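The structure under discussion appears below in the form of structure tokens.
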Amino acid sequence: MALNDVKHRIQSTKKTHQITTAMEMVQTAKLNQIQKHSVNYDQYVSRVKAVVLHLAKTHLLDNFNSSSKSDQKGKTAYLVITSDRGMVGSYNSNVIRGANEFIQKHTPNSDDYLLLTVGGNGADFYKKRGANVAYEYRGVSDIPTFREVKEIVDTVTSMYNDGVFSELYVCYSHFVNRVTSNFRAEKMLPLDNDTINTGKSGDVQASEIGPTYDVEPDEGSVLKVVIPQYTEGLVFGAILDAKTSEHACSSSAMSAASDNAEDLIGKLQLQYNRARQAAITTEITEITGGQEALKH
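Using my numbering, you'd call the opening residue of the sequence shown number 16 and step up by one each time.
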């Protein structure tokens, strides 16, 4: 490779390194910001969880489900949460692979399930393969708001109440720490005892809740307020968790890209120095040879 070509590659790689370093800083800032929101959410959903656990142990929830069931078709819905953009490492591929494996295990017949997608990557993946995508939502904010999620929850809940599907699983990437995320699939509808006791409970455990619960003004009024809040809280928490994981994966991907750029710059710089030294040596040899020829 010519010296000018090597020099051009070094300059180009340095610019790439500047971009990936800046993007890493941006994603790290977003990660720190969304983690602060997550703390407030955990406190809220923990309190709602406590109320719902009380209702479950007093069997009020069973009465509510039996009185509110619609004529459902028996299909299973999978809400798959991915990102709308790239440069997030293996984030999207891990979610899609985990969702596919979970779906294949639970409902191998494609006629028995439908897909609900949050994020363009998941929607595009399944639509290109002819899957039954009954709903898609794109453009979730980097720091999701409850208003955004409420639109999603309202649509999904309406589909459930209209009998489009009889149960709902949410598939997403769970944030563990800045370098680790795990795929998670959680059942969120119907909201029964099994769903509550096997789902995320925050810092509240079913064994810690007593069976006695006083209801005012009446059971139906309380359930109509608490159950939608709980469902909204679960979906909001999953999207918030997924976004946190997305920012962490993006930050890690940009960090790895910056490290690779540094390594490449070092190798190219070494290649450039060796080529330059070889060129200088050749020039000196030619000059020396020319002087010797003049002497004779």
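Built from N, CA and C at the ideal position, the CB exists for glycine as well.
Small disclaimer: the values here were computed from a predicted structure and weren't measured.
Simplified DSSP assignment, three categories, for residue i
| i | result |
| --- | --- |
| Arg291 | helix |
| Lys64 | helix |
| Ile96 | strand |
| Arg199 | strand |
| Ser105 | coil |
| Ser188 | strand |
| Thr160 | coil |
| Glu182 | strand |
| Leu206 | coil |
Beta-carbon proximity of residue i to residue j, cut-off 7 angstroms
| i | j | result |
| --- | --- | --- |
| Gly135 | Asp157 | no |
| Thr122 | Thr172 | no |
| Tyr152 | Val133 | yes |
| Ala146 | Leu130 | yes |
| Leu255 | Arg24 | no |
| Leu184 | Val63 | In the sequence as displayed, the identity of residue 184 is Tyr instead of Leu. Contact flag unset, no. |
| Ser196 | Ser108 | no |
| His262 | Lys45 | yes |
| Gly89 | Ser181 | yes |
| Ala269 | Thr31 | Correcting the residue type first, residue 269 is Met in the shown sequence and not Ala. The answer is no: Cβ separation not under 7 angstroms. |
| Val250 | Val168 | yes |
| Phe198 | Gly113 | yes |
| Ile49 | Lys258 | yes |
| Gly137 | Thr97 | yes |
Buried or exposed by the 16-neighbour rule on C-beta atoms within 10 Å, applied to residue i
| i | result |
| --- | --- |
| Asn55 | exposed |
| Ala37 | exposed |
| Leu285 | exposed |
| Lys239 | exposed |
| Glu166 | exposed |
| Pro232 | exposed |
| Ile302 | exposed |
Cβ-Cβ separation, residue j to residue i (assumed contact under 8 angstroms), whole Å
| i | j | result |
| --- | --- | --- |
| Ser265 | Val103 | 5 angstroms |
| Val95 | Cys186 | 5 angstroms |
| Leu14 | Arg291 | The structure shown has nothing for residue 14, since the chain only spans 16 to 311. |
| Ser273 | Glu39 | 6 angstroms |
| Ala200 | Phe117 | 5 angstroms |
| Tyr175 | Leu204 | 5 angstroms |
Fill in: Start-end ranges of the alpha helix (DSSP H) lying completely within the segment 121–176, minimum 4 residues
The segment 121–176 contains, as complete alpha helix (DSSP H) runs of 4+ residues, the segments 135–143, 161–176 (chain order).
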